[in-house]
Ligand SMILES: Cc1cc2nc3c(=O)[nH]c(=O)nc-3n(C[C@H](O)[C@H](O)[C@H](O)COP(=O)(O)OP(=O)(O)OC[C@H]3O[C@@H](n4cnc5c(N)ncnc54)[C@H](O)[C@@H]3O)c2cc1C
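Residue numbers (the working numbering): 12 to 416.
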């Protein structure tokens, strides 16, 4: 059998685990190459703690290029700008990369530009996609807290799909302020594109909505659902319908694009640049292109008054990465592929002084399994998971099986 060239784009939850699994499964006559815009793996789930000021970010980032090279995987730092499936070629800023199989694991591009005044660079809101954004948000928040009073808001913009982090950050900030005994001087508001809190882009997790309504009532966190931001000024966050929130500090999650690199090839991606796939994570038009994690197109289970995307969590991404690797191996070796889209979700949403465990399979209801529980022990579980995960990355230890439900 002639050696195949497998090109993996991205080196985070999706790309890293897919490449490592491919290398483990495939014989050495096949090459595995990773091209990624950055060699840094960031443990995103802990960034709400960074914004709340309860965690230093130093331990949350690790350069994975050494691990990949040690495993026999070629790593190149480059940003892909175009994929040409007809030529089996990906084009980057620094070079061009031929492949027999391609795995798209490039996550998202943040669409702050969709809303006037949104975002940390050209706008008046903070965000949480990466350590730099989280640290900058933490500093701005600390200044407002230092000033003695104000309105702190945390929101998901129209079209957003990564919905949990603003809940976590709002609750963590609430916990910190209560610990400092200054919570009474601040108003905290959560606004979201979801039709109800706890919807999370999947239609909710059973009674989770009621649990969060109770939680927010006890914490005096006000919330606005079905919110569509009309624009943000240095003074206010303004919504369609006329509502306004004072902009002393505002952290927002924007809508995503998949990647503009996938948009030109007909049949490869949806209009937002998310790759369309069959049940085995392969594109139907170009069967040698697979997608995992945020790069994958998943349609919402039902329409909502304001657009809400479907979240693709780190855990879901790792499950997809493993299955895509298996299916490429199966394709090459004429073995049976495994279905890969009936994944579930396991997540701990932290609240600073408590946390919520959610386990659901499949992602959309009706489900075979649903667990949601609250308790401080889940907070410690999330802390321990982060520590173990980063040690495993640094020292090559095995990762917990993400598909245990
Ligand atoms: C604040 C926050 C909190 C979260 N909390 C949780 C949680 O508690 N639990 C959970 O399960 N999930 C959580 N998530 C979601 C989780 O982080 C994502 O599901 C996960 O990062 C998706 O992995 P990915 O590999 O698909 O994409 P990413 O992690 O976004 O990685 C994309 C990779 O592609 C590379 N790349 C991007 N563009 C290009 C390009 N054009 N060319 C080449 N390379 C490119 C990047 O360098 C990177 O290596 C959270 C996310 C955030 C932001």
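The beta carbon of each residue, even a glycine, is placed where N, CA and C say it ideally should be.
Outcome for residue i when other beta-carbon atoms lying within 10 angstroms are tallied against a minimum of 16
i, result
"residue 5", "Lying outside 12 to 416, the shown extent of the chain, residue 5 is not represented and no answer is given."
"residue 244", "exposed"
"residue 391", "exposed"
"residue 361", "buried"
"residue 38", "exposed"
"residue 204", "buried"
"residue 319", "buried"
"residue 152", "buried"
"residue 254", "exposed"
"residue 131", "buried"
Spatially closest choice to residue i from the options, by CA coordinates
i, options, result
"residue 224", "295, 182, 122", "182"
"residue 374", "387, 317, 416, 62", "416"
"residue 69", "51, 376, 307", "51"
"residue 14", "232, 194, 343", "343"
"residue 122", "275, 410, 167", "167"
"residue 240", "94, 132, 164, 351", "164"
"residue 359", "154, 201, 219", "219"
"residue 202", "232, 228, 217, 195", "232"
"residue 307", "273, 317, 86", "273"
"residue 242", "126, 194, 150, 406", "126"
Beta-carbon gap between residue i and residue j smaller than 7 angstroms
i, j, result
"residue 46", "residue 89", "yes"
"residue 252", "residue 271", "no"
"residue 61", "residue 212", "no"
"residue 177", "residue 236", "no"
"residue 143", "residue 59", "no"
"residue 393", "residue 367", "no"
"residue 266", "residue 170", "yes"
"residue 135", "residue 128", "yes"
"residue 296", "residue 278", "yes"
"residue 418", "residue 309", "Here the chain covers residues 12 to 416 and nothing more, so residue 418 does not appear."
"residue 326", "residue 305", "no"
"residue 281", "residue 288", "no"
Chain-order list of residues whose beta-carbon lies under 7 angstroms from that of residue i (same chain, five-residue window excluded)
i, result
"residue 54", "71, 397, 400, 401"
"residue 303", "25, 29, 114, 116, 292, 328, 331, 332, 335"
"residue 214", "312, 313, 375, 376"
"residue 262", "62, 136, 137, 138, 139, 148, 165, 177, 180"
"residue 275", "93"
Cutoff 6 angstroms; reference residue i; Cβ partners in own chain excluding five residues on either side
i, result
"residue 364", "186"
"residue 110", "16, 18, 99"
"residue 85", "44"
Neighbourhood of residue i by C-beta, 8 angstroms cutoff - its chain only, sequence neighbours within 5 removed
i, result
"residue 246", "257, 258"
"residue 160", "196, 197"
"residue 107", "100, 101"
"residue 133", "123, 124"
*asked:* My parser needs the beta strand (DSSP E) runs of 3 or more residues fully inside the stretch 178 to 246; what are they?
replied: 197 to 202, 232 to 235, 240 to 243
*Output the residue ranges of the beta strand (DSSP E) runs that lie fully inside the stretch 290 to 356 and measure 3 residues or longer, sorted by chain position.*
300 to 302
*Go through the stretch 48 to 74 residue by residue and report every complete run of the alpha helix (DSSP H) that reaches 4 residues or more, in order.*
58 to 63
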